[in-house]
Amino acid sequence: VSKLVIVHQPNQDDYWKHFIRYYLYESGFVFRTVRRQPSILMLYYCKVIMNNNRICNCPKYECVPIQGSATASSTSCSNGSKLYQPGDEFVTNCNKRCRCQNNGQVKCVSLCPNDKSSCMVDHTEKNVLVPTLYNKCQCTAKACKPKPYNDKCIVNGHTYTSGDNFVSSDCSNKCTCHPGGKVFCVPLCSPKGNTCKLDEQAVQVQEKVVNTTCTCPALKCVKNNQTISVVGHVNTSTQVSTKPVLPKHSCTTPSGKIFNIGAVFSDNNCTSQCFCQNGGVISCHALCFPSVPDSSCTNHKTVQMPTGLPDAQGKSCSCPFVTCV
88 VSKLVIVHQP NQDDYWKHFI RYYLYESGFV FRTVRRQPSI LMLYYCKVIM
138 NNNRICNCPK YECVPIQGSA TASSTSCSNG SKLYQPGDEF VTNCNKRCRC
188 QNNGQVKCVS LCPNDKSSCM VDHTEKNVLV PTLYNKCQCT AKACKPKPYN
238 DKCIVNGHTY TSGDNFVSSD CSNKCTCHPG GKVFCVPLCS PKGNTCKLDE
288 QAVQVQEKVV NTTCTCPALK CVKNNQTISV VGHVNTSTQV STKPVLPKHS
338 CTTPSGKIFN IGAVFSDNNC TSQCFCQNGG VISCHALCFP SVPDSSCTNH
388 KTVQMPTGLP DAQGKSCSCP FVTCV
């Protein structure tokens, strides 16, 4: 008598019935099957022979639990050749965490969580392997590490600390050093209007910027026929007039737009900043100054910064400004 133990998945009954019928029964074997649990089949079989015209049958066997040993539950679960009792947990291929249910079914979930989180802007992200409670299985997790703090800004060979304010070497921008070595700048000279009295005239002068050698254009009111001193160095592209002008309460642009005395505005294409002076005289100078990235800036972009000035059609003007990102 031979014994064959077949461990199979619960849904493979038809296959093993086919095997028993066609490979044992058709070959002249007599067999008896004992099902210990849904996925284990105990098969006893023998060959029928004739002995003096007497048929020899296989002995009958009855499976009796061994004293002191536990029998497998009819609701146990199998995973390959391993059996698990309800409540048991196990891992398959280090990617699934499974649990044996009371009905003999196996329920599995992913062993490693799907981490969709991301690190903060000032942190770097790195994938690391972390151990689990199951054998030698590991999961991939994200580790966030703070970026090295940089509170220094280096501009044209000069080093500034976070919070420092400084003026660019070409006197076009005033800048501030921010954490992370980032530099933000705005135009140094802002438009300034000045309304003069009827017996005064408005002239354009250069005013010194405090704690720098730079100057910015400004309007100054002086009495007619009065001689004035232009402070600082004069921008040669700007004409300064000290001749008396006839009283006039408005200025008319070539496009026909009318501005009151003291008004500050831009021309049609936002290239110049203009002033309406006494006598209806309009004086202009460049509105936008060149903006270049700092030498330490490896990644930058150009943005449009509003000037607060309207053009001759009343639209707001802006200037291109390069900033580090």
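Each number in our numbering comes from the position in the sequence shown (counting from 1) with 87 added on. C-beta atoms are modelled at their ideal positions from N, C-alpha and C, and glycine is treated no differently. As the structure is a prediction and not an experimental result, all values here were calculated from the model.
Residues sharing a beta bridge with residue i, DSSP
i: I369; result: C363
i: T389; result: V409
i: R254; result: The question names Arg, but residue 254 in the sequence shown is Val. In the DSSP output, where bridge partners are listed per residue, V254 has K261.
i: T179; result: K183
i: S353; result: Q360
i: S197; result: K183
Residues near residue i in its chain [Cβ-Cβ closer than 8 Å; skip 5 each side]
i: T179; result: N166, C185, C195
i: M207; result: C231
i: T299; result: V254, C258
i: C301; result: V254, C258, L275, K295
i: C371; result: D354, S359, Q360, C361, F362
i: P266; result: Y236, N237, D238, S249
i: S256; result: N243
i: S405; result: C357, Q391, M392, P393, T394
Nonlocal neighbours in the same chain, by C-beta distance under 7 Å from residue i, ignoring five residues either side
i: D202; result: A228, K229
i: S204; result: K229
The ligand GDP heavy atom lying under 7 Å from the CB of residue i
i: G250; result: As for the ligand GDP, it is missing from this structure, which has no ligand bound.
Helix, strand or coil at residue i [DSSP, three-state]
i: H336; result: coil
i: A230; result: strand
i: K344; result: coil
i: Y171; result: strand
i: Q192; result: coil
i: A305; result: strand
i: N214; result: strand
i: T248; result: strand
i: N166; result: strand
i: G268; result: coil
i: P377; result: coil
i: G395; result: strand
i: S403; result: strand
i: C276; result: coil
i: C240; result: strand
i: V292; result: strand
Spatial neighbours of residue i in its chain, beta-carbon cut-off 6 Å, leaving aside the 5 residues before and after
i: P233; result: H210
i: Y347; result: Residue identity differs from the one stated: residue 347 is Asn in this sequence, not Tyr. Excluding residues within five positions, the ones whose Cβ falls inside 6 Å are S337.
i: C272; result: N260, C262
i: C181; result: C224
Exposure label - residue i; buried when at least 16 CB within 10 Å
i: V215; result: exposed
i: P218; result: exposed
i: S277; result: exposed
i: P341; result: exposed
i: P304; result: buried
i: G395; result: exposed
i: S163; result: buried
i: Q172; result: exposed
i: S297; result: What sits at residue 297 in the sequence shown is Val, not Ser. V297 should be labelled exposed.
i: G244; result: exposed
i: L374; result: buried
i: Q291; result: buried
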